[in-house]
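A short write-up of the structure that comes next.
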């Protein structure tokens with residue numbers, strides 16, 4: 001399976017395939033509004049604002065697998081927009097680990113390994129995808145976006 005074949009759903013219910021982002025680098029983040037790492041929304045938004053004109057696309061995927069998310073995607077997105085000024089696309093709440101993981105996260109974790117092997121250790125795990133759809137890097141939850149900003153720039 002190719003990343004561009006995967007179908008995702010925005011928080012408003014609009015479903016699309018990731019092929020809309022062909023030719024652009026992607027930073028895919030699993031998020032949670034009640035997580036102690038939620039302050040990273042500000043840095044992720046900062047990266048998006050700084051490099052969106054150069055093609056960077058940031059995609060947020062709320063997950064409640066670690067019991068740190070509100071009950072609906074709409075609530076999560078409203079919180080992110082009001083609290084952190086998030087303007088990048090946010091999606092429905094998805095599972096990121098296990099048999100019921102969303103196909104996107106199944107692919108992302110198959111292609112990269114973290115501290116816990118394939119499994120996502122915690123919220124705010126970030127995946128970098130190059131312009132050709134190759135998953136090139138996985139950043140752990142505590143890796144703040146500014147620490148890998150230079151690496152992102154190499155894929156613009």
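Residue numbers (UniProt numbering): 1 to 156.
All C-beta atoms, glycine included, are put in the ideal place defined by N, C-alpha and C.
In the DSSP assignment, residue 60 falls within the beta strand (DSSP E) that extends over 57-62. Residue burial annotation: residue 20 is exposed, with fewer than 16 other C-beta atoms found within 10 angstroms of its C-beta. When secondary structure is reduced to three states using DSSP, residue 144 falls in the coil class, being assigned neither helix nor strand. Shortest Cα-Cα distance from residue 93 to any of 87, 86 and 101 involves 101.
Just so you know, the alpha carbons of residue 55 and residue 148 end up roughly 17 Å apart. Secondary structure note for residue 21: it is in no beta strand (DSSP E), with a DSSP letter that is neither H nor E.
DSSP places residue 37 in no beta strand (DSSP E); its state is neither H nor E. The C-alpha of residue 111 lies about 25 Å from the C-alpha of residue 38. In terms of CA proximity to residue 129, 105 leads the group 50, 105 and 80. Its Cα nearest to that of residue 108, the residue 26 stands out among 16, 26, 57 and 49.
As DSSP reads the structure, residue 10 sits in a beta bridge with 91. A straight-line Cα-Cα distance of about 13 Å links residue 85 and residue 33. Taking a contact as a CB-CB distance under 8 Å, the pair residue 87 and residue 62 does not count as one, their CB atoms being some 16 Å apart.
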